[in-house]
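A.B. asks: Each residue of the sequence shown is one higher than the one before, starting from 399 at the first, in our numbering.
For reference, the structure I am asking about is given below.
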Amino acid sequence: MGRILVIGDIHGGLRALHQIMERANVTVNDTLIFLGDYVDGWSESPQVINYLIDLSKKQNCIFLRGNHDELLLDWLEGNTKNFDEKMWYKHGGEATVLAYEKISDATKKLHIDFLIALDNYFLDDENRLFVHAGFTNMNGIHFEYFPKLFYWDRTLWESALALDPSISKDSWLYPRRLTLYDEVYIGHTPVTRIGETIPVRKACVWNVDTGAAFKGPLTIMDVNTKEFWQSEPLNELYFNEKGRN
């Protein structure tokens with residue numbers, strides 16, 4: 399039996415992905431759960447997707463959809479009317495567009511297929527939820543009216559951050575969303591915003607986005623033991639690039 403490993407937001411940082419795979423000594427027996435945002439930031443977004451496609455042929459991989467992954471899909475399919483392209487450029491999209499100038503149409507088609515097939519969430523047999531951003535329905539993921547919130551929501555993490563630890567879980571004050579799943583693993587909102595660069599747990603929520611799009615490391619964590627491994631800070635691995643800084 400292999401491990402269950404969860405990986406935070408990569409944002410085009412293939413060098414960091416190589417590092418964590420090596421440092422965690424990942425084998426083909428391990429199950430890998432990627433929390434999304436594979437692209438936008440550093441210069442190797444297409445190469446990251448190529449790597450993930452190849453990896454999925456060797457071992458069990460679960461690929462979740464991040465908001466940046468949907469933005470890239472829209473751009474590749476020419477649906478730029480769906481979002482503010484200038485805003486996307488400022489948040490890592492420009493590096494992705496430049497990187498795709500060197501990518502063949504055949505490879506772009508493979509990437510479109512990969513992006514379309516991403517999952518909005520994964521709920522395992524032990525009632526552990528894996529989702530890029532969060533969910534808003536107080537009855538849980540199966541009742542979410544707006545699927546985009548699985549990869550855009552920030553209120554779940556904000557609720558967990560703001561929760562007074564002294565409030566009992568059976569109190570009417572305790573947020574219902576934080577009682578539904580034994581653990582929730584998210585990315586989307588970097589923990590660097592609260593001055594951290596390692597995975598952070600608040601209530602039942604584990605945030606594994608350690609700021610790889612900016613000046614933090616990329617993280618891979620063992621879901622069962624909570625041991626984790628990290629890359630070097632991405633701004634050091636891509637010292638001649640700006641990322642999303």
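For glycine and all other residues, C-beta sits at the position ideal for the given N, C-alpha and C.
Count the other CB atoms, across all protein chains shown, that sit within 10 Å of the CB of Ser564; report buried if there are 16 or more and exposed otherwise.
C.D. replies: With fewer than 16 other Cβ atoms within 10 Å, it is exposed.
A.B. asks: For Phe520, tell me which candidate among Asp511, Ile514, His530 and Phe512 has the shortest Cα-Cα distance.
C.D. replies: Of the candidates Asp511, Ile514, His530 and Phe512, the one whose C-alpha sits nearest the C-alpha of Phe520 is His530.
A.B. asks: In whole angstroms, what separates the C-alpha of Asp580 from that of Ile514?
C.D. replies: Between Asp580 and Ile514, the C-alpha separation is close to 29 Å.
A.B. asks: Nearest to Val606 by alpha carbon, out of Ile596, His489 and Gly614?
C.D. replies: Taking only the C-alpha atoms, the option nearest Val606 is Ile596.
A.B. asks: Run through the DSSP bridge pairs and tell me what Gln628 is partnered with.
C.D. replies: DSSP lists Thr617 as partners of Gln628.
A.B. asks: I'd like to know whether the C-beta atoms of Gly400 and Asp438 end up nearer to each other than 7 Å.
C.D. replies: Cβ distance not < 7 Å, so Gly400 and Asp438 don't count as in contact.
A.B. asks: Given this structure, state the Cα-to-Cα distance separating Gly410 from Gly476, to the nearest angstrom.
C.D. replies: Each residue's alpha carbon lies about 21 Å from the other.
A.B. asks: Is Ala601 buried or exposed, if buried means 16 or more other CB atoms sit within 10 Å of its CB?
C.D. replies: Counting Cβ neighbours within 10 Å, Ala601 comes out buried, since at least 16 surround it.
A.B. asks: According to DSSP, what are the bridge partners of Asn427?
C.D. replies: Partner(s): none; Asn427 has no beta bridge.
A.B. asks: Between the region 609 to 622 and the region 404 to 418, do at least 3 Cβ pairs fall closer than 8 Å?
C.D. replies: Output reads yes: the region 404 to 418 touches the region 609 to 622.
A.B. asks: Cα separation between Leu471 and Ala497?
C.D. replies: Whole-angstrom Cα-Cα distance: 15 Å.
A.B. asks: Which partner residues does Lys600 have in the DSSP bridge list?
C.D. replies: Lys600 is bridged to Val603.
A.B. asks: Would you call the CB atoms of Met536 and Arg599 closer than 7 Å?
C.D. replies: Cβ atoms of Met536 and Arg599: not closer than 7 Å.
A.B. asks: DSSP on Val582, reduced to helix/strand/coil?
C.D. replies: Three-state DSSP puts Val582 in a strand.
A.B. asks: Got a sec? Which residues, its chain only, sit under 6 Å from Trp557 by beta carbon, not counting five neighbours each side?
C.D. replies: One point to set straight first is that residue 557 is Ser, not Trp, in the sequence displayed. Closer than 6 Å at the Cβ level, and outside the excluded window around Ser557, lie Pro573.
A.B. asks: So what does DSSP say about Tyr498, is it helix, strand or coil?
C.D. replies: Reduced to three states, the DSSP call for Tyr498 is helix.
A.B. asks: Straight-line CA distance for Val495 to Pro444?
C.D. replies: Cα to Cα, the separation comes out at about 10 Å.
A.B. asks: Taking the beta strand (DSSP E) that Ile510 falls in, what are its first and last residues?
C.D. replies: Unbroken run through Ile510 is the alpha helix (DSSP H), Asp503 to Ile514; no beta strand (DSSP E).
A.B. asks: Indicate the three-state DSSP secondary structure (helix, strand or coil) for Phe461 in the structure shown.
C.D. replies: The answer is strand: DSSP assigns Phe461 an E or B state.
A.B. asks: Starting from Leu450, trace the alpha helix (DSSP H) both ways and give me its first and last residue.
C.D. replies: Looking at the DSSP string, the run of the alpha helix (DSSP H) that includes Leu450 is Ser443 to Leu453.
A.B. asks: Using a Cβ-Cβ cutoff of less than 7 Å, which residues in the same chain neighbour Pro631 once the five nearest sequence positions on both sides are dropped?
C.D. replies: Cβ within range, chain order: Lys613, Gly614 and Pro615.
A.B. asks: How many angstroms separate the CA atom of Thr623 from the CA atom of Asn427?
C.D. replies: So the two alpha carbons sit approximately 16 Å from each other.
A.B. asks: Quick one: grab the DSSP three-state call for Phe432.
C.D. replies: Phe432: strand per DSSP, three-state reduction.
A.B. asks: If you check the beta carbons only, do Ile418 and Trp627 fall under 7 Å apart?
C.D. replies: Against a cut-off of 7 Å, the Cβ pair of Trp627 and Ile418 comes out as a contact.
A.B. asks: Can you tell me where the alpha helix (DSSP H) holding Ile418 begins and where it ends?
C.D. replies: Counting along the chain, the alpha helix (DSSP H) containing Ile418 begins and ends at Leu412 to Arg421.
A.B. asks: Where do the ends of the beta strand (DSSP E) carrying Leu403 lie?
C.D. replies: Start and end: Ile402 to Ile405.
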